[in-house]
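These notes concern the structure reproduced below.
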Amino acid sequence: MGWITTLDKEMAAARAMLDEEHSFPQDYQFNNNIYTLGRIGTHNIILTYLPDGKMGTTTAAIIAQQMCLTFPNIHIRLMVGIGGAAPSAAHDIRLGDVIVGTPYQGQSRVIQNDFGKRTDSSKIHIMSALNRPPDVLLPAVNSLKVQASPLWRRLNPSDYNYLSHQGTCALPRPTAAPIIHYGLIASGNQVMKHGPTRDRIQAELGILCFEMEAAGLVDIFPCLVIRGISDYADSHKNDRWRGYAAAVASAYAKELLGAVPSTLRIHQQT
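Counted from 1, the sequence shown has number 237 at position 237 by the UniProt record's numbering; the numbering is strictly sequential.
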């Protein structure tokens, strides 16, 4: 099973989920990727992550391609890490929740946008459709779905400029347990940190969160994308929740693998 992460905190969280770490075979031929081998339950795991400062769809594609060439028998594939929430009336998404990129209208779509880090509006470009997650994972995903309680809470208006990037403005939920949301994840090369643009994309496309790597895996690494929410993709964006978000996303991935049979007949997806 191949598991790709982006940040060192994501890789650390993934390694913490391993029941056992393995040494490399003597005949292993190294490439530019950094791998950790191990086991979760009955599944052998290959972990890797993007080099420091090399986030984005292009780097993700290169890392995935190298992994597939080095380990050609990988059939179950995950991309696990952090993302920025796109909450709505239908989805009360909060810091520390988990988003699972499940098929939407028959496929998991990925959007590419040109907004960048600046705080103004920009046009949305639909670039491509990410291949469906491996079919062997979908029954396991369905088995983990839970009903979320209607815990109504609203973000500040999307055009609200926060006084500081630090701290938390929200009232706590009655429970500290994260909630799992299932649906569309938007991907692009640049960071979303503009509330009105976030809301417009969410309203037009129904997306649940933003991230920066999955679009690079359209044809190379069909996978299930799992994101822990570390910010709200607005002007209040900061790194305070990254570690926790990475941990809950990895914990979900481990629980998911526990629901996947150890012996599977894998069919090539087209």
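Heads up, the beta-carbon is just placed ideally off N, CA and C, and yes, glycines get one too.
In this text, all values refer to a predicted model and were calculated from it rather than measured experimentally.
Give me, in chain order, the residues of the same chain whose beta-carbon lies closer than 7 Å to that of residue i; leave out the 5 immediate sequence neighbours on both sides.
i           : result
residue 71  : 2 and 46
residue 6   : 49, 50, 55, 81 and 213
residue 243 : 9
On a Cα-Cα basis, can you pick out the residue from the options that is closest to residue i?
i           : options               : result
residue 100 : 252, 257, 263 and 260 : 252
residue 238 : 83, 214, 73 and 11    : 83
residue 212 : 223, 203 and 191      : 191
residue 206 : 197, 103, 183 and 140 : 183
residue 69  : 85, 97, 29 and 95     : 29
residue 103 : 23, 44, 185 and 37    : 185
residue 202 : 87, 75, 181 and 18    : 87
residue 222 : 37, 141, 75 and 93    : 75
residue 178 : 228, 139 and 210      : 228
Write down the C-beta distance between residue i and residue j rounded to the nearest angstrom, noting that I regard them as a contact closer than 8 Å.
i           : j           : result
residue 260 : residue 137 : 7 Å
residue 232 : residue 85  : 5 Å
Residue i lies in the beta strand (DSSP E); which residues open and close that run?
i           : result
residue 44  : 43-49
residue 98  : 98-101
residue 209 : 207-211
residue 80  : 77-85
residue 39  : 35-40
Hey, could you find the ends of the alpha helix (DSSP H) residue i is sitting in?
i           : result
residue 260 : Taken as a continuous stretch (DSSP letters only), residue 260 belongs to no alpha helix (DSSP H), as it is neither H nor E.
residue 187 : No alpha helix (DSSP H) holds residue 187; the beta strand (DSSP E) holding it covers 180-187.
residue 8   : 8-17
Decide if residue i is buried, meaning its Cβ has at least 16 other Cβ atoms within 10 Å, or exposed.
i           : result
residue 34  : exposed
residue 91  : buried
residue 25  : exposed
residue 118 : Because the pLDDT at residue 118 is just 40, under 50, the model does not fix this residue reliably, and the point stays unresolved.
residue 20  : exposed
residue 115 : Residue confidence is low: residue 115 scores 43 on pLDDT, short of 50, so the model does not pin down where it sits. Its coordinate-derived value is still stated next. The residue in question, residue 115, is buried, as its Cβ has 16 or more Cβ neighbours within 10 Å.
residue 23  : exposed
Which residues in the same chain have their Cβ closer than 6 Å to the Cβ of residue i, if we skip the five residues on either side of it in sequence?
i           : result
residue 189 : 56 and 57
residue 59  : 50
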